[in-house]
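> Here the working numbering is used: the first residue of the sequence shown is 41, the next is one more, and so on. Quick reminder that beta carbons are idealized off the backbone N, C-alpha and C, glycines included. Below is the structure I would like to discuss, written out as structure tokens.
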Amino acid sequence: MEPLIRFDNVCYTYTGEDCEPGMFAVNNLSLEITEGEFVAILGHNGSGKSTTAKLMNLILSPNSGDIYIEGNKITGRELTDEDIFDVRKKIGMVFQNPDNQIVATIVEEDVAFGPENLGVPSKEIRERVNEALDTVGMREYARHAPHKLSGGQKQRVAIAGVIAMKPKCIIFDESTAMLDPMGRKDVMNTIHRLNREGITVILITHYMNEAVQADRVIVMKNGEVYEEGKPEDVFCRVERLWEAGLEVPQSTELIFKLNKKLGWDIPLGVYDFDTCARLITEKINSTGDKDGIN
Ligand code: ADP
Ligand code: MG
Numbered sequence: 041m042e043p044l045i046r047f048d049n050v051c052y053t054y055t056g057e058d059c060e061p062g063m064f065a066v067n068n069l070s071l072e073i074t075e076g077e078f079v080a081i082l083g084h085n086g087s088g089k090s091t092t093a094k095l096m097n098l099i100l101s102p103n104s105g106d107i108y109i110e111g112n113k114i115t116g117r118e119l120t121d122e123d124i125f126d127v128r129k130k131i132g133m134v135f136q137n138p139d140n141q142i143v144a145t146i147v148e149e150d151v152a153f154g155p156e157n158l159g160v161p162s163k164e165i166r167e168r169v170n171e172a173l174d175t176v177g178m179r180e181y182a183r184h185a186p187h188k189l190s191g192g193q194k195q196r197v198a199i200a201g202v203i204a205m206k207p208k209c210i211i212f213d214e215s216t217a218m219l220d221p222m223g224r225k226d227v228m229n230t231i232h233r234l235n236r237e238g239i240t241v242i243l244i245t246h247y248m249n250e251a252v253q254a255d256r257v258i259v260m261k262n263g264e265v266y267e268e269g270k271p272e273d274v275f276c277r278v279e280r281l282w283e284a285g286l287e288v289p290q291s292t293e294l295i296f297k298l299n300k301k302l303g304w305d306i307p308l309g310v311y312d313f314d315t316c317a318r319l320i321t322e323k324i325n326s327t328g329d330k331d332g333i334n
């Protein structure tokens, strides 16, 4: 089966007064996203994550290289409005600031905006809006004014607006960054639910605890893929991630430092706090080395 999204040596450079000539925001980037996957994209500020997201749904077009959506090449030719429409319908995007994504003064009208633009018949729009609001747990707010909602609730309304267009894939570009911990958790639960229901998820984040929940992690640096793999494999490369200016999950960092300081050999991994505490306690008990920790 063709991947849902494929990048083949894609380069993108911004043009403008402030831009350094020859500076690539995305540099020879090759990657594949399989339908149904949950992929986290990590990377320092300026590493090219948002540019990659915008290339995926044709907000930007590459300078060179090719992009395929379900095997259809969407580069190297003049695109019609229909081509662009088709890609945007398949690949939705949720941005960082919930306030910038709300367009209507009533929640259900806001959610209806996308399908209306797609020319969906009004009876079906109603069904889609209700279904989308149910999915994000916001049905009871259908008649509310979006600006009175919390950040997390607004973001869930924005997600409902994307779901109502029935995309195959949703890209979340730091969509939890402006939320409080509760809002972040609600949005993450919604994202997991969408993925379980078959929607491909691309989660751009700088929260390690969100990234570890993905099937696969792609770490970007200077517009290129720097590391890639299952979260537990990628996060074990602690020093390499530090070099890219990234953090690793707290449990991994703690075990890495203890191993280094005390000559221990606890396997590096991504552990919940209970498991992390158990591994350390077992090690202390087996070595009798209680004095080394201070
Ligand atoms: P990230 O999302 O990982 O922080 P971006 O994709 O936004 O990274 O940026 C990649 C590079 O492109 C950075 O060097 C950034 O300064 C530059 N860049 C991003 N957006 C623009 C723009 N609109 N105009 C000029 N340069 C930009
Ligand atoms: Mg960004």
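(1) So, is Y181 buried or exposed, given that buried needs 16 or more other C-beta atoms within 10 angstroms?
(2) Please state if the CB of I306 and the CB of L319 are separated by a distance shorter than 8 Å.
(3) Which value, in whole angstroms, describes the spacing of the CA atoms of D139 and G303?
(4) The ligand MG heavy atoms versus the CB of K89: any closer than 7 Å?
(5) Measure the C-alpha to C-alpha separation of K41 and T145 and round it to an integer number of angstroms.
(6) Would you mind sorting D220 into buried or exposed? The rule is 16 or more other CB atoms within 10 Å of its CB.
(7) Near D48, which residues of its chain fall below 8 Å by C-beta distance, leaving aside the five closest residues on each side in sequence?
(8) Using beta-carbon positions only, say whether P27 and V176 come within less than 8 Å of one another.
(9) Using a threshold of 8 Å, state whether the C-beta atoms of G154 and M96 are closer than that.
(10) C276 and L234 - do their beta-carbons sit closer together than 8 Å?
(11) Could I get the ranges of all uninterrupted alpha helix (DSSP H) runs contained in the stretch 203-272, with 4 residues as the minimum, in chain order?
(12) Taking 8 Å as the cut-off, decide whether the C-beta atoms of K208 and T230 are in contact.
(13) CB of Y247 to nearest heavy atom of the ligand ADP: below 7 Å?
Quick answer:
(1) Answer is buried; the Cβ neighbour count reaches 16.
(2) Note that the C-beta distance between L319 and I306 is below 8 Å.
(3) So the two alpha carbons sit approximately 50 Å from each other.
(4) Yes.
(5) Before going further, note that residue 41 is Met rather than Lys in the sequence given. When rounded, the separation of the alpha-carbon atoms in M41 and T145 is 42 Å.
(6) With fewer than 16 Cβ atoms within 10 Å of its Cβ, D220 is classed as exposed.
(7) The answer, listed in chain order, is S70, G105, D106, I107, Y108.
(8) There is simply no residue 27 to check, as the chain begins at 41 and stops at 334 in what is shown.
(9) No, these two residues do not count as a Cβ contact at 8 Å.
(10) No. Outside cutoff.
(11) Contiguous alpha helix (DSSP H) elements confined to the stretch 203-272 occur at 221-236, 248-251, taking only those with 4 or more residues.
(12) Result no, Cβ atoms of K208 and T230 do not sit closer than 8 Å.
(13) Flag unset: Cβ of Y247 not near the ligand ADP.
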